[in-house]
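Peer 1:
Numbering (the numbering used here), first residue to last: -8 to 386.
(1) So, residue 68 versus residue 129, is the Cβ gap smaller than 8 angstroms?
(2) Out of 1, 30, 27, 188, which one is the CA nearest neighbour of residue 263?
(3) Please return the same chain residues whose Cβ sits closer than 7 angstroms to the Cβ of residue 4, not counting the five positions on each side in sequence.
(4) So what's residue 134 in DSSP terms, helix, strand or just coil?
(5) Tell me which same chain residues have a C-beta within less than 7 angstroms of the C-beta of residue 11, skipping the five on either side of it?
(6) In the DSSP assignment, find the unbroken beta strand (DSSP E) run with residue 99 in it and report its ends.
(7) So, is residue -4 buried or exposed, given that buried needs 16 or more other C-beta atoms within 10 angstroms?
(8) Restricting to Cα atoms, I'd like to know which of 301, 73, 83, 136 is closest to residue 95.
(9) Residue 320 and residue 305 look like a contact to me (Cβ under 8 angstroms); what is the Cβ gap, rounded to whole Å?
(10) Can you check which of these residues, 303, 228, 180, 318, is closest to residue 279 by C-alpha distance?
(11) Buried or exposed: which applies to residue 261, given that a residue is buried once 16 or more other Cβ atoms fall within 10 Å of its Cβ?
(12) Work out the CA separation of residue 81 and residue 87 for me, nearest whole Å.
(13) DSSP on residue 151, reduced to helix/strand/coil?
(14) Nearest-angstrom Cα distance between residue 237 and residue 332?
(15) Terminal residues of the continuous alpha helix (DSSP H) containing residue 381?
(16) Could you have a look at residue 29 and say whether DSSP puts it in helix, strand or coil?
(17) Starting from the N-terminal side, write out each stretch of the beta strand (DSSP E) that is 3 residues or longer and does not extend beyond the region 28 to 64.
(18) Can you tell which of 312, 206, 107 has the C-alpha that lies nearest to the C-alpha of residue 369?
(19) Alpha helix (DSSP H) containing residue 196: first to last residue?
(20) How close, in whole Å, do the beta carbons of residue 163 and residue 125 come, if the pair is a contact with beta carbons under 8 angstroms?
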């Protein structure tokens, strides 16, 4: 057995994204104990930074010790009990995963199903909420399987109107487009570190409103997931309100070096500025979209609802979808994503996330994609493709 030496890849799929040398270096710092006073100071900084990042000053914000799916499971399992009614908007793979988890929690699940690539329809969700008392309304803000963005504010307002708690998946959106937990008046909002934050996968930042915390405290039965039971977890992260009051008790051994990486990624993001990062993601998307259009390619999602950081590109007729991905991986060390579910074999998913959202990434991706398509006999003008992208980059 020998040490593993990974290849140097350029990560432009649906996640993970490229991790900056600063974050990797931070993770290589000496490990200390998870109850060390210096580490507890770091925990407080991370909590405050997450409140700032989510714009959730009145929420308890902590990073869960597992990837973004753990945030989903924590939200669903902590809020729902057997017999509760949950309305889940499904417009892609991850809305479907929410519905599966809600069923495993014993809830009565009502799905509001949409065509993949469409945003969540507020009117259809309201109709489902109006049918019966509902404990939870859950939806995906940025659907990673399609690149579609839904309007979180009106959906969270519907939850308030009908007395439900809102659960919002921001795994792909946080750090790439505006996430406004306070403005939305959302209850539980979770994300992941491996997308627009450009830290390695393995942590799930989550924000809980006071309403959500009260609902969890007043459950009739124990949460069915021990590690992610907030009644237990918050005793380590600083009291039931996450304020740091009352000291900490042992709950689990925190992933210490991973938290170093998250902290550094937040330092990097705040140095750039949250709004500046949002503008950067939008500009890189505009350049990529212009190049794709010049290559004769189309995006799955209508322009008004597209995510800048996740671009689902329709595979042209007669093109071997997997062959293109294999070509760019072999010849360019470039990772692009495949379609999921009904979109398998029909789209490529190109990520422009965090450290992978730069002019260099856009130009390299377009160059590699043109070469792979040309190898399959597609006629296109690679110089014109790059010129279209460069025009947007220079604007």
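All C-beta atoms, glycine included, are put in the ideal place defined by N, C-alpha and C.
Please read these numbers as outputs of a predicted model, since none were measured by experiment.
Peer 2: The answer reads as follows:
(1) no
(2) 188
(3) 326, 327, 328, 340, 342
(4) strand
(5) 189, 259, 346
(6) 99 to 104
(7) exposed
(8) 73
(9) That belief does not hold up - the Cβ atoms of residue 320 and residue 305 are roughly 20 angstroms apart, past 8 angstroms.
(10) 303
(11) exposed
(12) 6 angstroms
(13) helix
(14) Since pLDDT at residue 237 reaches only 48, below the 50 mark, its modelled position is unreliable, and the value read off the structure follows with that caveat. If you take the alpha carbons of residue 237 and residue 332, they lie about 47 angstroms apart.
(15) 373 to 385
(16) helix
(17) 51 to 55
(18) 312
(19) Looking at the DSSP string, residue 196 is not in any alpha helix (DSSP H); the run it does join, the beta strand (DSSP E), is 195 to 199.
(20) Actually they do not touch by this definition, with Cβ atoms about 26 angstroms apart.
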